[in-house]
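Below: the structure, in structure tokens.
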Amino acid sequence: MTAAEASPPRPAAAVAVRPPRLPLSDYLRVGALLAISIAAAIGCAALLLSVTGSSPATVFGAMVSGSFGSRVALTATLNHTGPILLVALGALAATRSGLLNIGQEGQISIGALFGVAVGLAVDAPRGITLLLILATAAVAGAIWASLASLLRFTRGGSEVITTLLLNFVGFQVVSFAVNRPWLLQEDLPEGSVLSASPQSNPLPPAGHLPTLAQGPGFRLNSSITLAVGLALVLAFLLARTRWGFELRTVGLNPRAARRSGVSPALVGSGALAISGALAGLAGGVLLTGTAFRVNDGFSNNYGWEGLLAALVAGSVTLAVIPSSLLFGALRAGSGVLAATGVSPTIVGAVQALVVIAVTLPLLYLNRRRLRALLQRTGVSRT
Amino acid sequence: MSGGPASTTAARREVVLGLRSVSKRFGRVVACDDVSLDIGAGEIRGLLGQNGAGKSTLMKIVAGFVRPESGELTIHGKTLGFGDPVVAAERGIAMVHQHFSLVGPMPVWKNVTLSDRGHTRVDRSGVSRQITEVGRRYGLDVDPDAIVDDLSVGERQRVELLKCLRRQPDVLILDEPTSVLTREESTALFRVLRRLARERGQSVVLISHELDEMLEVTDRVTVLRDGRVVSTVESAEASADSLAHEMLGQDFAVSAEVLGLSVEGSHASRARTHAPPRRRAAPAGHDVPVLELADIKVTSAEGHALLDGVNLEIAAGEILGVAGVAGNGQEELTGLLSNLIGPDSGEVRVEGRPIRTGRGRQLGRAGVGVIPADRHDSGCVLEMTVAENLALGSLDGMVRWGVVRQQQLHELGRRLVADFRIITSSLGAPLRSLSGGNQQRVVLARELARKPCVLVAAEPTQGLDIGARGYIWDRLREAAATGTGILLISSDLAEIMALSHRVAVINRGRIIGTMPRADVDTAELGRMMGARTHDRG
Amino acid sequence: MIEDITLIVDSSVRIAATLLFAALGELVAERAGTLNISVEGAMLSGAFAAAYGSHATGSAYYGFGIGVAVGIGVSAIQANLSHRIRVNQFVTGLVLNLLAIGVTSFLLAEVKMAPVQFGLVRIPGLASIPIVGDALFEQRAPFFLLYAFVPLVWWVLKRSRWGLELDAVGENPAAADANGIPVDLRRRQAIYFGGLLAGVSGAYLSVGLIGAFTPNMTALRGFIAIAAVIFGGWTLWGTVGGTLLFGGAEALRVSLPALGVTITPQVLIALPYLAAIAAIALLSQRRRQPAALGQTFRRGIT
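Chains as they are written, first to last, in the numbering used here: chain Z, 963 to 1344; chain Y, 10 to 546; chain L, 126 to 427.
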């Protein structure tokens, strides 16, 4: 009848190629590598501490108890985790579409700035004020990030460079606003000296995030629930919707996307806008959850930490939740270090070491996987 | 038909380059099979063969870019080790690449000196002077200060040539040098090559598919087929017909057989060469072609015409084969119908309706399916799952409220995996984990499952073994039988002959002739593919 | 009035010098295809190491050398992570910056350092030129390295084979590879050169200009250097112009209030970044970034 029946697929063509299952020993090796590199990271930090005459055990102990040891500590961790997670989600949305947004610090600042402006201007019932602030923050962050997509898709300017540069412009926009009495500068009583670190007026209580739990010395705001909720939503959107499907296609093979009628520019700028919106929202959440006002240096590294949390999470969307929690905990832990007489700045070094410690073994795993694949499929490489 | 081993003409000249029993495999594919070759001093040698005959690989072995499994290479009688391009260059072997190795934003002189080694500073005036000198000596006129991006393709090739020639190589290898050149540029190039050989005694190896130019410029021609040397003939004694026979070999016989012709020396029929497909009568009152290209022009960024007024029509149920040497506009034709590029002028019509291409979803929604020549380029997404790849671009039916319905996605996947006998561990496995043949089946399955009214199949069986190839051919015939119009773009003549109802020849971005398959004379086809004029058709 | 101008020119040049050292190195790294954002971290580490080294050895010269060595060390991490084992170069850069600020701030809080500073060097005669004499010829000793490094970078980029290969590697790594140029090696070397100059920049800042190390004392100057390279359209003279402009903006910001002129400081602080963004938006095709900037090189799979 047909050639296919006359000459059935030869064994050569019919070799079943399974997805790369690495031998167990490889996974063990990666696990061991991970353990070793994390131990090495902690070791480096410990070395740094002992060289300067502090006791690593005391410091690490303080950090653990300061991040998970009590309800106060846990609250601090979760309050930090919320905004970090929001930023990380945005960073993920961009990377999945093949773009790298490193402008979260600026997007947080701009989001919070416009959020506080709206919060101070409107006089509305509680829920509405809060909603307005958060929505404004998200939109402002999205617009700020979209400046980068404008340059990328009309002028071919790398979005990595422009989002980076826009950070520093964003900081100055905030600084400008909180240094102008006719804009957002705090109203000071007649005759008082200008404060060294200018800031805006505090938000009215109608603009505060709802409290989840409260007690002596702590107040857990609802940023963590918002962020985890959005993480689930984003994971669903990416995995299950047409938008997510097309976004991933653009990120992995833009030509295949165009071929199937999807515009990489449109999808990419959408992803960058969402990325900015989530960073802006993180700014809004910081504003309405813990800071209540905007000042110079408002973003305070939340942007960088969220970005790194996303990079640590890699290709598994929901892994951003634990990785953000880790960064939140480190931040909370740093808060109590001062009490031990050690500079809390050590935490920045620990964060960097953790990222290196987690990234390298995963990179190794991916390489092994690729190599195993190439061997199995007989793809020749020249 | 003379299909014997290399005819060992007594070497009239000193042998400069010698190859002994060289073999090279890529995975399961044999690229060079026990090849032996002698190139004399001052000789212009042609290497002729179809795509995949092993010409380029052989010369890359000589230039040190590819390391063979076995064999020996000598230059001036002395053995030269394999796999080191720097040593090969030092010993006088130079290769002009098919894909240019120039840095566009740099001036010519910088590019020329780029492959030099061992100086801490660059000598601008020295290099420029040398470019002018060598250029004058060989008739290659290039401005050393011109920026490469501003040069025409022909001028860029001159730069590549200069890079090689100023080292005074003993053997100069050119890989398909004329495929991108205009007629005038080609003629100028040949003048240079002759001067090299006659006046300087340098040897030239010219790789090409083009019969006429082979006869025009070479002293001798070696024909390769399936990685083997079929014959070596004196160009003066050869004709385009005889070379076409040698080059196509069994494929020529098969093609002829499909046509019902009797060819001397033809081999026993194979399963894939069964009776020609019958063109299904178009439904009454449905005379509109499913696909029409009207005077399509596509121009490159440098202003070269890539598609130069292409006109094509395909009826429902018809397979139109586009034959041609690679690089004559096939890629742009596929790109145009893959939504990757838009035409500068002209119109694409699907079932009579004009369609915008280059962006948007019109092309896909109008029912144009594409099997691209390089599936990894735009055909699939390796990191996504088999099920997702099977649904790529056909999500329209399985989305509700923006959500892709998993049940439908998997149903489609299961059905296609079974129908097309795709071998995969699961629907959720990344496409990367499948073998090449199965990846190609995924693309084929997806495109056919949509029941397209037009299917563009570009090199659909390239790199596949015979089993997979026969399977894909059958699927294409079936699709045509159910009314799909198929545009088959292939540089494999056997494939064109086995599937097509009509055959069109593309040459330098133009369709230079279209004929019903019954009227096809393969030798004539080969000549048209290799022709360097536009005055046909 | 003349005195005011002289003062402003002097401080502009002093600030621009810090930027220019780093920007020269960054220019070389970017021409080879790496957008090396760890320049900030290398500067900061260099600044700290120079200050601590000077304190420990008692000599500003030794300290300076130690600072430069640490700058190269930081760049070595960047180079080998991004162009040997191919971790994304931006991730590497971010992490290194974070690490640098963490470690230096921590160490500063934990160790005590006596301030050490280079003395002023005055070139007789030339320094008496009105207005620019002081600025160009009476400065702290490391400043005068600029008179070596600017011509050196010019020579490297315009005349040397190494520079030619860096350009090829940054514009078209595949073609460079076809010409036998080791792409990853050249990129690593360019980053080492960038680290050396970032170290010089940081060390000049701490033991030259200021005479002490303060937390996060580079204060984003590494990023301003990046902005200067972009603003300068990836050319040497454009980069020099960019650093002078940005140095001038900072000098004005500091000195204008004292002269009774009010100008919005935020605009001056944001100027480098705005100028770089404007350059991206407005510059012609020709003066675009190296085509392969920011991309990891992998030989094609055929």
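Yeah, the Cβ is synthetic: ideal placement off N, Cα and C, and Gly gets one too. All figures in this text were calculated on a predicted structure; none of them were measured in a lab.
Asked	Found
Since Y:Ile-182 and Y:Val-232 are thought to touch, with beta carbons under 8 Å apart, how far apart are those beta carbons, to the nearest angstrom?	That belief does not hold up - the Cβ atoms of Y:Ile-182 and Y:Val-232 are roughly 17 Å apart, past 8 Å.
Cβ of Y:Arg-289 less than 8 Å from any chain L Cβ?	Note that Y:Arg-289 scores 45 on pLDDT, short of 50, meaning its location in the model is unreliable and no value can be drawn from it.
Which chain L residues sit within Cβ distance under 7 Å of Y:Ser-110?	Ala-300, Ala-303, Asn-304
Taking the alpha-carbon of Y:Leu-345 as reference, which of Z:Arg-1220, Z:Thr-1203, Z:Pro-1167 has the nearest alpha-carbon?	Z:Arg-1220
Between the Cα of Y:Asp-154 and the Cα atoms of Y:Asp-184, Y:Met-115, Y:Gly-144, which residue gives the shortest distance?	Y:Met-115
Give the DSSP-derived three-state secondary structure of Z:Phe-1254 in the structure shown.	coil
Under a three-way DSSP split, which group does Z:Asn-1163 fall into?	coil
State the start and end residues of the unbroken alpha helix (DSSP H) segment that holds Y:Asp-304.	Premise fails: Y:Asp-304 lies in the beta strand (DSSP E), 300-308, not in any alpha helix (DSSP H).
Which chain L residues are close to Y:His-128, counting only those with a beta carbon under 8 Å from its beta carbon?	Arg-286
Out of curiosity, what's the CA-to-CA distance linking Y:Phe-35 and Y:Met-104?	21 Å
How big is the Cα-Cα spacing for Y:Val-319 and Y:Ile-350?	15 Å
Return helix, strand or coil for Y:Pro-469, following the three-state DSSP convention.	coil
Rounded to whole angstroms, what's the CA-CA distance from L:Ile-335 to L:Val-246? Just pull it up for me.	15 Å
What are the residues that DSSP puts in a beta bridge with Z:Thr-1203?	Y:Val-412
Please look up how many angstroms separate the CB atoms of Y:Arg-508 and Y:Trp-482, rounded, as I've assumed it's under 8 Å.	The question names Arg, but residue 508 of chain Y in the sequence shown is Leu. Right, their Cβ atoms sit about 6 Å apart.
Just confirm the distance between the C-beta atoms of Y:Leu-421 and Y:Leu-399, as a whole number of angstroms; I'd bet it's less than 8 Å.	6 Å
Between the C-alpha atoms of Z:Ala-1227 and Y:Ala-488, what's the straight-line distance to the nearest angstrom?	34 Å
Determine contact between the segment 1269-1280 of chain Z and the segment 988-1008 of chain Z, defined as no fewer than three beta-carbon pairs at a distance below 8 Å.	no
Any chance the segment 1168-1177 of chain Z sits against the segment 1090-1106 of chain Z, with 3 or more Cβ pairs inside 8 Å?	yes
Determine the chain Y residues that contact L:Ala-293 at a beta-carbon separation under 9 Å, and present them in chain order.	Val-112, Met-115, Lys-119, Asn-120, Leu-123
Where does L:Thr-387 fall in DSSP's three states?	coil
Excluding the 5 residues flanking Z:Gly-1119 on each side, which residues of the same chain have their C-beta closer than 7 Å to its C-beta?	Leu-1113
Within 8 Å (strictly less), CB to CB, does Y:Glu-301 reach chain Z?	no
Should the segment 405-419 of chain Y be called in touch with the segment 1235-1252 of chain Z, which here means at least 3 C-beta pairs below 8 Å?	no
Hey, is Z:Ala-1115's beta-carbon within less than 8 Å of any beta-carbon in chain Y?	A small correction: the amino acid at residue 1115 of chain Z is Phe; Ala does not occupy that position in the sequence shown. Cβ-Cβ to chain Y under 8 Å: no for Z:Phe-1115.
Do Y:Glu-392 and Z:Leu-990 have their C-beta atoms within less than 8 Å of each other?	no
Once you ignore the five residues that flank L:Ala-315 on each side, which residues in its own chain have a CB closer than 6 Å to its CB?	Val-153, Ala-154, Ala-157, Leu-291
If I measure Cβ to Cβ from Y:Gly-148 and keep anything under 8 Å in the same chain, skipping five residues before and after, which residues do I get?	Ala-197, Arg-200, Val-201, Arg-204
Using a C-beta to C-beta distance shorter than 7 Å, which residues of chain L count as neighbours of Y:Pro-94?	Gly-305
Under 7 Å Cβ-Cβ, which residues of chain Y neighbour Z:Ser-1261?	The premise fails here: Z:Ser-1261 is roughly 33 Å from chain Y at the closest Cβ pair, so nothing lies under 7 Å.
With 7 Å as the limit, tell me which residues of the segment 333-357 of chain L have their beta carbon closer than that to any beta carbon of chain Z; keep them in chain order.	Leu-345, Phe-348, Ala-352, Ile-355
Assuming Y:Thr-548 is part of the beta strand (DSSP E), what are its boundary residues?	The displayed coordinates of chain Y run from 10 to 546. Any statement about residue 548 of chain Y would go beyond what the structure contains.
Straight-line CA distance for Y:Val-331 to Y:Glu-301?	14 Å
Kindly list the residues whose CB is nearer than 7 Å to the CB of Z:Ile-1046, restricted to its own chain and excluding five residues on each side of it in sequence; keep chain order.	Tyr-1264, Glu-1267, Gly-1268, Ala-1271, Ser-1286, Phe-1289, Gly-1290
Per the DSSP calculation, L:Ala-167 is bridged to which residue(s)?	Note: L:Ala-167 sits in no beta bridge, so no partner.
Buried or exposed for L:Gly-244, going by 16 or more other Cβ atoms inside 10 Å?	exposed
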